[in-house]
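Just so you know, the protein sequences line up as chains Z and A, in that order.
For the first sequence, counting from 1, position 50 maps to 50 in the numbering used here; every step adds exactly one.
For the second sequence, counting from 1, position 95 maps to 1095 in the numbering used here; every step adds exactly one.
By construction, the Cβ of each residue, glycine as well, lies at the ideal position given by its N, Cα and C atoms.
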Amino acid sequence: DTGVSQDPRHKITKRGQNVTFRCDPISEHNRLYWYRQTLGQGPEFLTYFQNEAQLEKSRLLSDRFSAERPKGSFSTLEIQRTEQGDSAMYLCASSLAHSNEQYFGPGTRLTVT
Amino acid sequence: DQQVKQNSPSLSVQEGRISILNCDYTNSMFDYFLWYKKYPAEGPTFLISISSIKDKNEDGRFTVFLNKSAKHLSLHIVPSQPGDSAVYFCAASGETSYDKVIFGPGTSLSVIP
Chain Z
1 DTGVSQDPRH KITKRGQNVT FRCDPISEHN RLYWYRQTLG QGPEFLTYFQ NEAQLEKSRL
61 LSDRFSAERP KGSFSTLEIQ RTEQGDSAMY LCASSLAHSN EQYFGPGTRL TVT
Chain A
1001 DQQVKQNSPS LSVQEGRISI LNCDYTNSMF DYFLWYKKYP AEGPTFLISI SSIKDKNEDG
1061 RFTVFLNKSA KHLSLHIVPS QPGDSAVYFC AASGETSYDK VIFGPGTSLS VIP
């Protein structure tokens, strides 16, 4: 296992289009997190899963955003009707339950034109 | 409302000298603190952490100091090496909240050979 992977690494889309990102966590990790990072800021929490259950969503996660983790393994983050303000790095992380140490993937950089 | 603050956006240090990165937090409910390091084009990687029941934690060249009364923590790197050049994020979470980690905006460290 080489760690958390994310696909794609880069995505350029036009405003109004839908995009979907995938995250594959470390296999034995049952917690999975999504963050968004903009220039000059640290990662901002979006949502997290324990196994397949989505346990918390940030108010940053508008109704255009949806995340799933259907079998408790990989996760997808979909953004509908993208806006220019959605341009950011989207980071996925995973951890064991009851551990604060999260392992991050390399991120997906989204550019909305 | 930034709960975790890193007031120095950047820091330059000569190789071999000590690097001190500072972090302040506002939420007194935070009980666990972490430092992450981030290289360009990679996700953040966990570096070191400290629980609020301690005031110091050391791991090799890295030491984190916590002053709960001042709501302040610092990361010391001794001796600094060029490979330490990266962005360092301070992060915090609640003792009973393993779900959400709040990150600061980061400090970019440059270690000059």
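Residue i versus residue j: straight-line alpha-carbon distance, rounded
| i | j | result |
| --- | --- | --- |
| A/Q1003 | A/N1022 | 14 Å |
| Z/G72 | Z/F45 | 19 Å |
| A/A1070 | Z/E28 | 38 Å |
| Z/P43 | Z/Q37 | 4 Å |
| Z/D7 | Z/C23 | 7 Å |
| Z/G40 | A/A1092 | 18 Å |
| A/N1007 | A/L1075 | 14 Å |
| Z/V4 | A/A1041 | 14 Å |
| Z/R64 | Z/S94 | 23 Å |
| Z/T113 | Z/Y90 | 17 Å |
| A/K1054 | A/F1065 | 9 Å |
| A/Y1032 | A/F1062 | 17 Å |
| Z/E52 | A/F1030 | 27 Å |
| Z/C92 | Z/W34 | 5 Å |
| A/Y1025 | A/I1050 | 14 Å |
| Z/T111 | Z/L60 | 18 Å |
Collapsed DSSP secondary structure at residue i in the structure displayed
| i | result |
| --- | --- |
| Z/D86 | helix |
| A/D1084 | helix |
| A/I1020 | strand |
| A/S1028 | coil |
| Z/F74 | coil |
| Z/V47 | One point to set straight first is that residue 47 of chain Z is Thr, not Val, in the sequence displayed. Three-state result, Z/T47: strand. |
| A/I1053 | coil |
| Z/V4 | coil |
| A/N1067 | strand |
| A/E1058 | strand |
| A/K1037 | strand |
| Z/A97 | coil |
| A/V1004 | strand |
| Z/L60 | coil |
| A/S1093 | strand |
Sequence-distant residues of the same chain with beta carbon closer than 8 Å to residue i, five excluded per side
| i | result |
| --- | --- |
| Z/R9 | P106, G107, T108 and R109 |
| A/P1009 | P1105, G1106, T1107 and S1108 |
Range covered by the beta strand (DSSP E) that runs through residue i
| i | result |
| --- | --- |
| Z/K57 | A53 to K57 |
| Z/A67 | F65 to E68 |
| A/E1042 | Careful: A/E1042 lies outside any beta strand (DSSP E) and carries neither H nor E. |
| Z/V112 | T108 to V112 |
| Z/T20 | V19 to D24 |
| Z/R31 | R31 to Q37 |
| Z/Q102 | That residue, Z/Q102, is in no beta strand (DSSP E); it is neither H nor E in DSSP. |
| Z/K14 | Here Z/K14 belongs to no beta strand (DSSP E), and DSSP marks it neither H nor E. |
| A/L1075 | H1072 to I1077 |
| A/L1011 | S1010 to Q1014 |
| A/L1109 | T1107 to I1112 |
Contacts around residue i, its chain only, beta-carbon distance under 7 Å, and the 5 residues preceding and following it disregarded
| i | result |
| --- | --- |
| A/F1046 | L1034 and Y1036 |
| A/P1105 | Q1006 |
| Z/F74 | R22, C23 and D24 |
| A/G1094 | M1029, F1030 and D1031 |
9 Å Cβ cut-off: residues of chain D touching residue i
| i | result |
| --- | --- |
| A/F1089 | In the displayed structure, chain D is absent; the protein chains listed are Z and A. |
6 Å CB neighbourhood of residue i in its chain, flanking five on each side removed
| i | result |
| --- | --- |
| A/I1102 | Q1003, V1004 and A1092 |
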